[in-house]
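Visitor:
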Amino acid sequence: MIEEPYRWLEAIENRREYVREQIKEGSPAFAACLDEGILLLGVGSGSSKVFEVFDRHALVGLGHPADIERLRQTAIDTVHLEAFMRAPEDVSLRRLVSFGLGPQLKTSFEHIFGSPFLAELLLAEVGTTPERDLLTRLHFDGGFEFQSGGVAALASRREAEEPALRWLTGALPRGTGRRETAEAMLQAWACLTGTRPFDEAIENPENRAAWREQIQGKTVEIGWLARTSRTPGRYESLTLSQLDL
Amino acid sequence: MSHPIPIAGDFLSLLAAHNATPFSGGNSERAPVQTQATTVFAFHYRDGVLMAGDRRATAGSVIVTDQVEKILQLDASSLLAIAGVPATAFEMAKVLQTSFEHYRRSQLQPLSLAAKVRALARLLRENLPMTIQGIGIVAPLFAGLDTSVTPHAPRIFFYDPLGAQFQAVGFAGSGSGAPAIRSILSFQERFATPPPSTMTRDEAVRFALRLLMVASEFDSATGGINLAAGTFATLMALESEGIIPIDGTRQAEILGS
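So the sequence lines, in the order shown, correspond to chains A and B.
For the first sequence, position 67 (counting from the first letter as 1) is numbered 67 according to this note's numbering, and the numbering increases by one without interruption.
For the second sequence, position 10 (counting from the first letter as 1) is numbered 1010 according to this note's numbering, and the numbering increases by one without interruption.
#1: So, at 8 Å on beta carbons, what are the nonlocal neighbours of methionine 1199 of chain B in its own chain, with the 5 sequence-adjacent residues on each side left out?
#2: When the Cα of leucine 1050 of chain B is compared with those of B:Ala1059, B:Leu1072, B:Arg1056, which residue comes out closest?
#3: Could you run through the segment 57 to 89 of chain A and flag, in chain order, every residue whose CB is less than 7 Å away from some CB of chain B?
#4: Along chain A, in chain order, which residues have C-beta atoms closer than 8 Å to that of leucine 1014 of chain B?
#5: Since alanine 75 of chain A and leucine 40 of chain A are thought to touch, with beta carbons under 8 Å apart, how far apart are those beta carbons, to the nearest angstrom?
#6: Under a three-way DSSP split, which group does leucine 1212 of chain B fall into?
#7: In angstroms, rounded to a whole number, what distance separates the CA positions of phenylalanine 1171 of chain B and leucine 1080 of chain B?
#8: Just the C-alpha distance for proline 197 of chain A and proline 163 of chain A, rounded to the nearest angstrom, thanks.
#9: Counting only C-beta atoms, is valine 91 of chain A closer than 8 Å to chain B at any point?
#10: Taking aspartate 1146 of chain B as part of the beta strand (DSSP E), name the residues at either end of that continuous run.
#11: Are the beta-carbon atoms of alanine 155 of chain A and alanine 58 of chain A separated by less than 8 Å?
#12: Per the contact definition of three or more C-beta pairs closer than 8 Å, is the segment 1231 to 1241 of chain B in contact with the segment 1205 to 1221 of chain B?
#13: Counting contacts by CB-CB distance shorter than 8 Å, is serine 1002 of chain B in contact with chain A?
#14: Residues in the same chain with beta-carbon distance under 8 Å from leucine 1255 of chain B, minus the five sequence neighbours each way, listed in chain order, please.
#15: Please state whether the Cβ-Cβ distance between leucine 118 of chain A and leucine 138 of chain A is less than 8 Å.
#16: Could you check whether the Cβ of valine 220 of chain A sits closer than 8 Å to any Cβ belonging to chain B?
#17: Serine 1002 of chain B by DSSP, collapsed to three states: which one?
#18: Quick test of your reading: threonine 181 of chain A and alanine 83 of chain A, contact by CB under 8 Å. State the CB separation rounded to the nearest angstrom.
#19: Got a sec? Which residues, its chain only, sit under 6 Å from histidine 1003 of chain B by beta carbon, not counting five neighbours each side?
#20: With 8 Å set as the bound, which would you pick, yes or no: does the beta-carbon of lysine 1094 of chain B sit closer than that to a beta-carbon of chain A?
#21: Report the residue from B:Asp1247, B:Leu1212, B:Gly1242 whose alpha carbon sits nearest the alpha carbon of threonine 1038 of chain B.
#22: For leucine 105 of chain A, which residues in the same chain have their Cβ closer than 6 Å to its Cβ, ignoring the five residues on either side in sequence?
#23: Quick one: is leucine 1108 of chain B buried, meaning 16 or more other Cβ sit within 10 Å of its Cβ, or exposed?
#24: Excluding the 5 residues preceding and the 5 following proline 1245 of chain B in the sequence, name in chain order all residues of the same chain whose CB lies nearer than 7 Å to its CB.
#25: Can you tell me whether DSSP reads serine 1174 of chain B as helix, strand or coil?
#26: Can you name the residues of chain B whose CB is closer than 7 Å to the CB of glutamate 52 of chain A?
#27: Any idea if isoleucine 1137 of chain B is buried or exposed, counting beta-carbon neighbours within 10 angstroms, 16 or more meaning buried?
#28: Which one or two residues does DSSP pair with aspartate 1075 of chain B in a beta bridge?
#29: Would you mind stating whether glutamate 206 of chain A and leucine 245 of chain A have Cβ atoms separated by less than 8 Å?
#30: What did DSSP end up calling arginine 132 of chain A once you bin it into helix, strand or coil?
#31: Please name the residue, chosen from A:Val151, A:Leu192, A:Ile12, A:Gly217, that lies closest to glutamate 159 of chain A on a Cα-to-Cα basis.
#32: Since phenylalanine 1011 of chain B meets chain A, which of its residues come closer than 7 Å, beta carbon to beta carbon?
#33: Which partner residues does phenylalanine 1011 of chain B have in the DSSP bridge list?
#34: When the distance is taken between beta carbons, is alanine 1143 of chain B closer than 8 Å to alanine 1229 of chain B?
#35: Rounded to whole angstroms, what is the Cα-Cα separation between aspartate 55 of chain A and methionine 85 of chain A?
#36: For tyrosine 4 of chain A, which of helix, strand or coil comes out of DSSP?
So, in structure tokens, the structure goes:
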């Protein structure tokens, strides 16, 4: 099959469709860079989505739990080895994704006789200022995009992700606190998982509090990477009640 | 050291898989004069464990520095006190720090106290060839929180250079100044008032600083306390809620009060 270009392209395209089909029910997740740190939020049902990776790093995943777990273990092994052989300060999200996770996902995706990763990740690195925060969207085919500061969304469909990201960017001006950010993310999550188009759903006042009903029976996971801390580790797991939600 | 079967969450397995195993190098028969770190000790006070160390490192009769940090925080609930060769001890501390955090993050639960105690024993055993040749000897103390009881209870462990581990009931000491300190701790616990196990944290800090002052009078390798020069000890308290570092400013306040 490798020797026949047409069949190779067809196989890759089939594979892309297969992965998209498998992760289309994945629960959206978000990350936002705030003045005092980075907030990550995911809503799961039975399996975890938000994880600490290293002192200043965390991730939130979408897709098959086993594949999120494989990627998480790879990321944790890579950064701890790096921190031991060099120093914790040398662990960087850019290097982890560019030289570690990205190539591994791409190789797995293009090895058409093996199983691809049915997962996508949003990774965060807290910096000394919000402008130096780094968010990375890692796709199932190994593609990735970096952004400094701001808000990022992770949804299984790009066409759903973009309006949510646009709305969240407007709804979370500089200075927004953790509580307001988490609530806006939950509103966006509720609209993304609903049946109506995002723009239509988010403008409907009745939908503003719909997330409270929609999270019934699910687990809201909130990760917080503090910008400053007395200890090297900045990650903390938060609950809705800790944010008065 | 080789691990044919990788152990989930085991950082030493990960290092072995990448041919990055520490303590695997050979050594020369003509070793240089070794830098040595002394003196460290730990004892139970009313609310926890106080771990203390002077800040002197020596090489033979030479004082290398009076600014060594011999009490190292391994994670949120573990302390390591190093006595012996700093080159080996600091590497062991780095392995343990990374191991404990790697396990906690990858396995989504903290390592148990027993496993932490054993991890240090494993490193000491890995270092056996160096120890036998008289190079790189480390005789550390370890303090950690026993989370199997409520409230969590701080415990002290001491080791011999071959890796045998022992739990200390009241106190433990290591390094060249330790005999004097252990003698005073034993006397204070049995015959004097207040015994260390009933002291408050501030009382324990004052007592620990005085112990180092006495040890430095009998052991030239122990740095002691120098108020005029602003040289204090490295002191960390481990209580059921976690680690409380006691910096030089606080030590000066307690000594002066």
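The C-beta atom is built at its ideal place from N, Cα and C for all residues, glycine as well.
Source: prediction; values computed, not measured.
Guide: A quick look at the data gives this:
#1: So the list reads Tyr1045, Arg1046, Phe1207, once near-sequence residues are dropped.
#2: Ranking the options by Cα distance to leucine 1050 of chain B, first place goes to B:Leu1072.
#3: Per Cβ criterion, the list reads Gln73, Ile76, Asp77, His80, Leu81, Ala83, Phe84, Met85.
#4: For leucine 1014 of chain B, the chain A residues whose C-beta falls within less than 8 Å of its own C-beta are Asp77, His80, Leu81, listed in chain order.
#5: Alanine 75 of chain A to leucine 40 of chain A, Cβ: 14 Å. No contact.
#6: Leucine 1212 of chain B: helix per DSSP, three-state reduction.
#7: Roughly 14 Å between the two C-alpha positions.
#8: The straight-line gap from Cα to Cα measures roughly 9 Å.
#9: Valine 91 of chain A does not count as touching chain B.
#10: Annotation for aspartate 1146 of chain B: the continuous beta strand (DSSP E) segment containing it runs 1141 to 1146.
#11: No, Cβ-Cβ distance for alanine 155 of chain A and alanine 58 of chain A is not below 8 Å.
#12: When C-beta atoms of the segment 1205 to 1221 of chain B are compared with those of the segment 1231 to 1241 of chain B, three or more pairs fall below 8 Å, so the two segments count as touching.
#13: For serine 1002 of chain B, the pLDDT reaches just 49, beneath the cut-off of 50, and the residue's location in the model is therefore unreliable, leaving the point undetermined.
#14: Scanning its chain for C-beta atoms nearer than 8 Å, with the 5 sequence neighbours on each side dropped, one finds around leucine 1255 of chain B the residues Arg1206, Leu1209, Ile1225, Leu1227, in chain order.
#15: At the C-beta level, leucine 118 of chain A and leucine 138 of chain A stay beyond 8 Å of one another.
#16: No, its Cβ sits nowhere closer than 8 Å to a Cβ of chain B.
#17: With a pLDDT of only 49 at serine 1002 of chain B, under the threshold of 50, the placement of this residue in the model should not be trusted; the figure read from the coordinates follows. Coil at serine 1002 of chain B, not helix or strand.
#18: Contact between threonine 181 of chain A and alanine 83 of chain A does not hold, since their C-beta atoms are separated by about 29 Å, which reaches or exceeds 8 Å.
#19: Confidence in histidine 1003 of chain B is poor, its pLDDT being 49 and thus under 50, which makes the residue's placement unreliable; the coordinate value appears in the next sentence. The answer, listed in chain order, is Ser1013, Ala1016.
#20: Answer yes: the Cβ-Cβ gap between lysine 1094 of chain B and chain A drops below 8 Å somewhere.
#21: That would be B:Leu1212, whose Cα lies nearest to the Cα of threonine 1038 of chain B.
#22: Excluding positions up to five away in sequence, the list reads Phe117, Gly142.
#23: Flag for leucine 1108 of chain B reads exposed.
#24: Correct list, in chain order: Met1236.
#25: The three-state reading of DSSP puts serine 1174 of chain B in strand, counting E and B together.
#26: Those are Arg1105, listed as they occur along chain B.
#27: By the Cβ-count criterion, isoleucine 1137 of chain B is buried, with 16 or more other Cβ atoms from all chains shown falling within 10 Å of its own Cβ.
#28: Aspartate 1075 of chain B pairs with B:Ser1078.
#29: The Cβ atoms of glutamate 206 of chain A and leucine 245 of chain A do not sit closer than 8 Å to each other.
#30: Correct three-state label for arginine 132 of chain A: helix.
#31: It is A:Leu192 whose Cα lies nearest to the Cα of glutamate 159 of chain A.
#32: The answer, in chain order, is His80.
#33: Answer is none; phenylalanine 1011 of chain B lacks a bridge partner.
#34: The answer is no: Cβ separation not under 8 Å.
#35: Those two C-alpha atoms are separated by around 16 Å.
#36: According to the sequence displayed, residue 4 of chain A carries glutamate and not tyrosine. Looking at glutamate 4 of chain A - three-state DSSP - the assignment turns out to be coil, as it is neither helix nor strand.
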